[in-house]
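What follows is one structure encoded as structure tokens, with my remarks underneath.
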Amino acid sequence: MKINLKIWRQKNAQDKGGFQDYTLDNVSEHMSFLEMLDVLNEELIMDGKDPVEFDYDCREGICGSCNLVINGRAHGPKHKTAACQLHMRNYSDGDTIVIEPPRAAAFPVIKDLVVDRSAMDRIVEVGGYVSVNTGQAPEANLIPVKKEVSDQAFDYATCIGCGACIAACPNSSASLFTGAKVAHLNSLPQGQPERERRTIAMVEQMEKEGFGDCSNFAECEAVCPVGISISAIAEMRRDYMKAIL
Amino acid sequence: MKLDPKVPSGPLEDKWEQHLKDIKLVSPNNKRKHNVIVVGTGLAGASAAASLAELGYNVQTFCIQDSARRAHSIAAQGGINAAKNYQNDGDSVWRLFYDTIKGGDYRSRESNVYRLAQNSNNIIDQAVAQGVPFGRDYGGLLDNRSFGGAQVSRTFYSRGQTGQQLLLGAYQAMMRQVHTGKIKDNPRQEMLDLVVVDGKARGIITRDLVNGTIQKWEADAVVLCTGGYGNVFYLSTNAKNSNVTAAWRCHKRGAAFANPCYVQIHPTCIPVSGDYQSKLTLMSESLRNDGRVWVPRKKGDDRAPNDIPEEERYYYLEERYPSFGNLVPRDVASRNAKMVTDEGLGVGETGLAVYLDFRDAIKRDSKEAIAARYGNLFDMYENITDENPYETPMRIFPAVHYTMGGLWVDYNLMSNIPGLFVAGEANFSDHGANRLGASALMQGLSDGYFIIPYTIGNYIAGEDLEKVSTDHKAFDEAAKASQDQLDKLLAVKGDKSLIEFHRELGKIMWDKVGISRSKEGLESAIEEIRALREDFWKNVRVPGESNYYNKYLEFAARIADFFELAELMALDALDRDESCGCHLRDEYQTEEGEALRNDEDYAFVSAWEYLGVNGKLETKRHKEDLEFEFVELKQRSYK
Numbered sequence: 016m017k018i019n020l021k022i023w024r025q026k027n028a029q030d031k032g033g034f035q036d037y038t039l040d041n042v043s044e045h046m047s048f049l050e051m052l053d054v055l056n057e058e059l060i061m062d063g064k065d066p067v068e069f070d071y072d073c074r075e076g077i078c079g080s081c082n083l084v085i086n087g088r089a090h091g092p093k094h095k096t097a098a099c100q101l102h103m104r105n106y107s108d109g110d111t112i113v114i115e116p117p118r119a120a121a122f123p124v125i126k127d128l129v130v131d132r133s134a135m136d137r138i139v140e141v142g143g144y145v146s147v148n149t150g151q152a153p154e155a156n157l158i159p160v161k162k163e164v165s166d167q168a169f170d171y172a173t174c175i176g177c178g179a180c181i182a183a184c185p186n187s188s189a190s191l192f193t194g195a196k197v198a199h200l201n202s203l204p205q206g207q208p209e210r211e212r213r214t215i216a217m218v219e220q221m222e223k224e225g226f227g228d229c230s231n232f233a234e235c236e237a238v239c240p241v242g243i244s245i246s247a248i249a250e251m252r253r254d255y256m257k258a259i260l
Numbered sequence: 022m023k024l025d026p027k028v029p030s031g032p033l034e035d036k037w038e039q040h041l042k043d044i045k046l047v048s049p050n051n052k053r054k055h056n057v058i059v060v061g062t063g064l065a066g067a068s069a070a071a072s073l074a075e076l077g078y079n080v081q082t083f084c085i086q087d088s089a090r091r092a093h094s095i096a097a098q099g100g101i102n103a104a105k106n107y108q109n110d111g112d113s114v115w116r117l118f119y120d121t122i123k124g125g126d127y128r129s130r131e132s133n134v135y136r137l138a139q140n141s142n143n144i145i146d147q148a149v150a151q152g153v154p155f156g157r158d159y160g161g162l163l164d165n166r167s168f169g170g171a172q173v174s175r176t177f178y179s180r181g182q183t184g185q186q187l188l189l190g191a192y193q194a195m196m197r198q199v200h201t202g203k204i205k206d207n208p209r210q211e212m213l214d215l216v217v218v219d220g221k222a223r224g225i226i227t228r229d230l231v232n233g234t235i236q237k238w239e240a241d242a243v244v245l246c247t248g249g250y251g252n253v254f255y256l257s258t259n260a261k262n263s264n265v266t267a268a269w270r271c272h273k274r275g276a277a278f279a280n281p282c283y284v285q286i287h288p289t290c291i292p293v294s295g296d297y298q299s300k301l302t303l304m305s306e307s308l309r310n311d312g313r314v315w316v317p318r319k320k321g322d323d324r325a326p327n328d329i330p331e332e333e334r335y336y337y338l339e340e341r342y343p344s345f346g347n348l349v350p351r352d353v354a355s356r357n358a359k360m361v362t363d364e365g366l367g368v369g370e371t372g373l374a375v376y377l378d379f380r381d382a383i384k385r386d387s388k389e390a391i392a393a394r395y396g397n398l399f400d401m402y403e404n405i406t407d408e409n410p411y412e413t414p415m416r417i418f419p420a421v422h423y424t425m426g427g428l429w430v431d432y433n434l435m436s437n438i439p440g441l442f443v444a445g446e447a448n449f450s451d452h453g454a455n456r457l458g459a460s461a462l463m464q465g466l467s468d469g470y471f472i473i474p475y476t477i478g479n480y481i482a483g484e485d486l487e488k489v490s491t492d493h494k495a496f497d498e499a500a501k502a503s504q505d506q507l508d509k510l511l512a513v514k515g516d517k518s519l520i521e522f523h524r525e526l527g528k529i530m531w532d533k534v535g536i537s538r539s540k541e542g543l544e545s546a547i548e549e550i551r552a553l554r555e556d557f558w559k560n561v562r563v564p565g566e567s568n569y570y571n572k573y574l575e576f577a578a579r580i581a582d583f584f585e586l587a588e589l590m591a592l593d594a595l596d597r598d599e600s601c602g603c604h605l606r607d608e609y610q611t612e613e614g615e616a617l618r619n620d621e622d623y624a625f626v627s628a629w630e631y632l633g634v635n636g637k638l639e640t641k642r643h644k645e646d647l648e649f650e651f652v653e654l655k656q657r658s659y660k
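The listed protein sequences correspond, in order, to chains A and B.
Numbered by the working numbering, the letters in the first sequence go through residues 16 to 260 in order.
Numbered by the working numbering, the letters in the second sequence go through residues 22 to 660 in order.
Written as structure tokens, this is what we have:
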């Protein structure tokens, strides 16, 4: 099928950037979205032009590297699907697709569709862990954990850190990302000793990084490729209120 | 080249403990005077970096991704083994050790594998304490599942995302140390060379992938945790950026490359569908717990799978291997899939697939129960193939997955270059010729959490390590060599794309250095690789420049290294007159078509020394003879 593309091109953080139009004539419906971009890049390179830069690695929806905003929606049209797992069968012959980087003040553009998401690492750095040095752990079955609690913690822990939630939020809030980590660790017995300290540190770091506040738009949940629930944000807020009072 | 494995003497079960008593220690106030470089932040790298920093060393970490959390360990699905015997089914450290040695086709070091089994229980404790949400039963205790190559249930899992959860645990431990300042994290940096001063590894050269600057880094020890080289086959289950460059450049600086031909071909992947395809997706081996593998008995039977009656289905694994059935090890399952498709019994459009059928399991346990176990995998399958596996059997085929070869290391996980340590998939030591399911995560974390932190201390305490400055000529020379290689690639300005070259190389490797190999095929593969490599350096087109973000330049340098490694893999396979693991030589089979090892002549690790590339790869083979004191070498049988 024939696909028209409008892709954001930007040489570096200083460059103003803008959309460019491309057309691909032989797109197979079996291709993944990123494979379609590979094909475009092959053509550009052979024409002596600069290929479009975009981030990707595992191409199986788990590493969180890819983060395209496709027709205005982070990761594209398919519910609970990362851009690398989106297939061209979701489009029709003659469609026009707009591709942009995830936009947020805390995500400066590196080149084209590649942005710097290190702010998310810095949020984890201040408290997104259980402080246990190697070799100090007690026998694993010493503390039983209710299956329901463990399953719930797992659901929050599956966040792939792609940043779609931030790109989709009108406030560029990192609350779903941070909330997921807080809710994961705060719900487990292992996470209790640092519960308050962790929550305060991570919430405050979000602010320092320039992410906005959460106003309950729930756009983040709608685009999350792994379906993290906004109840994570509620958990984080409740724990934050308790911690600062 | 001298290869001393430095295995401690004494009974198997006491070796590691005895070694820990004997190794030298660095006092806490001296640890802070030492710098350690950790390259790669997957399971092995992140866990090693965190543990070293906790001890007090100054650690610099490097990864090619934008965040340490994205290493390909994150994609491991099924689980991690440990000998906890929680299921009361008779498991023990000895049994885990024995299964791993046997599964590796008796081509791994006994001492290393025993230590791996011993450490396995500590890994689970550590991960649980970090808040890794493993599967649990209703009593609140940890649950287990079974995996190929074992008759006990010893695999701990976090649904189908065990690698992700374990990696996040290690990554979080690492970020905690970044916050304390003991780790300086350097993402989007690629290691391009090792710096050797006075025969010791004293630093690395990296390229900042964002602005292209070549940088020099000094340390007292370098730990390489850069994963495997499966992407030499172009299509594989590896992340697209996984590569051999860091390990290969160390090899060119003198580190021996061991058992390069040992590659694991995973039996449970989604089959190839088109020429544009960029990678293959693995479906967890745990699916074979409940899924039954079959093909039609009749050639060319093109009925829909559900229309083929029971008696016309060939459950070839269950028939051929009654005691292990669908849970035979990966090499056996892969080889048998190739065998039935070679016979013309394959299914799907290409005929290169077999069915993995959950019909009976759903009937037995309910759709809900199967969804609870494998739901995310079923969704993933449906997303990629547009078929519903609850209703139609999955189509699966083997694909290149994990590489057992890697840089040679001794018992301390140190290469033959003093100060260069290698952990996880990047080393060769623990998996032999084949890896059992759920043992890769175990090895990465055992190396990183529980071995490297001790053995590095032993090295640092025992060496006279004078401070070396990055102004030293060895750093300048290595930095210049790295830049020259990039400039050379950009200067070719040919008319054939990188991907075309990589795909052609991959096809040679898959056809002739893949599931089964022959003398004739390997000899022709070597010729073809050499010719294609020559063509690459004449005709490749690399776009852009080296002084800014340029993904295709990164690839170009990695593919150049794959070209050299590919020849070594074929040479190693040709050199080994036996079949073992996934290394099946057509000439060496039992009457029943099983792999036939030659223990008399080949119970050794082949460790190759690099001598140069001049049209052909110049190389010299060294041997580390494997001694089996505690297990008896037997023909592997899963019947």
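Just so it is clear, CB atoms sit at the ideal spot from N, CA and C, and this is done for glycine as well.
Roughly how many angstroms separate the alpha carbons of residue i and residue j, rounded to a whole number?
i	j	result
residue 434(B)	residue 250(A)	44 Å
residue 114(B)	residue 138(B)	5 Å
residue 156(A)	residue 162(B)	6 Å
residue 376(B)	residue 291(B)	11 Å
residue 656(B)	residue 535(B)	22 Å
residue 10(A)	residue 121(A)	Nothing in the structure corresponds to residue 10(A), since chain A is present only between 16 and 260.
residue 238(A)	residue 91(A)	8 Å
residue 107(A)	residue 101(A)	14 Å
residue 429(B)	residue 272(B)	10 Å
residue 99(A)	residue 77(A)	9 Å
residue 258(A)	residue 215(A)	7 Å
residue 126(A)	residue 28(A)	7 Å
Give the secondary structure of residue i by DSSP, where H, G and I count as helix, E and B as strand, and everything else as coil.
i	result
residue 295(B)	coil
residue 50(B)	helix
residue 36(A)	strand
residue 601(B)	strand
residue 180(A)	helix
residue 242(B)	strand
residue 214(B)	strand
residue 523(B)	helix
residue 205(B)	strand
I'd like the span of the alpha helix (DSSP H) that includes residue i, first residue to last.
i	result
residue 119(B)	114–124
residue 151(A)	Looking at the DSSP string, residue 151(A) is not in any alpha helix (DSSP H), and its letter there is neither H nor E.
residue 173(A)	Where residue 173(A) is concerned, there is no enclosing alpha helix (DSSP H), given that its DSSP letter is neither H nor E.
residue 474(B)	473–483
residue 496(B)	494–513
residue 249(A)	246–259
Tell me where the beta strand (DSSP E) around residue i begins and ends.
i	result
residue 646(B)	637–646
residue 79(B)	79–83
residue 153(B)	Where residue 153(B) is concerned, there is no enclosing beta strand (DSSP E), given that its DSSP letter is neither H nor E.
residue 115(A)	111–115
residue 418(B)	415–424
Tell me, to the nearest whole angstrom, how far the beta carbon of residue i is from that of residue j; I am working on the premise that it is less than 8 Å.
i	j	result
residue 74(B)	residue 469(B)	Residue 74(B) to residue 469(B), Cβ: 12 Å. No contact.
residue 361(B)	residue 659(B)	With a Cβ gap of about 17 Å, residue 361(B) and residue 659(B) do not count as contacting.
residue 458(B)	residue 181(B)	The Cβ separation is near 13 Å, so there is no contact.
residue 140(B)	residue 460(B)	The Cβ separation is near 12 Å, so there is no contact.
residue 140(A)	residue 196(B)	4 Å
Quiz item: Do three or more CB pairs link the stretch 79–90 of chain B to the stretch 205–225 of chain B at distances below 8 Å?
Solution: yes
Exercise. Kindly confirm or deny that the stretch 38–47 of chain B and the stretch 413–426 of chain B touch, where touching means at least three C-beta pairs closer than 8 Å.
Key: no
Quiz item: Is it true that the stretch 528–546 of chain B meets the stretch 597–609 of chain B, where meeting means three or more beta-carbon pairs spaced less than 8 Å apart?
Solution: yes
Quiz item: If you pair each beta-carbon of the stretch 219–231 of chain B with each one of the stretch 88–96 of chain B, do three or more pairs fall below 8 Å?
Solution: no
Quiz item: Is there contact between the stretch 127–135 of chain B and the stretch 129–138 of chain A, where contact requires at least three CB pairs shorter than 8 Å?
Solution: no
Quiz item: Between the stretch 576–590 of chain B and the stretch 246–264 of chain B, do three or more beta carbon pairs fall short of 8 Å?
Solution: yes
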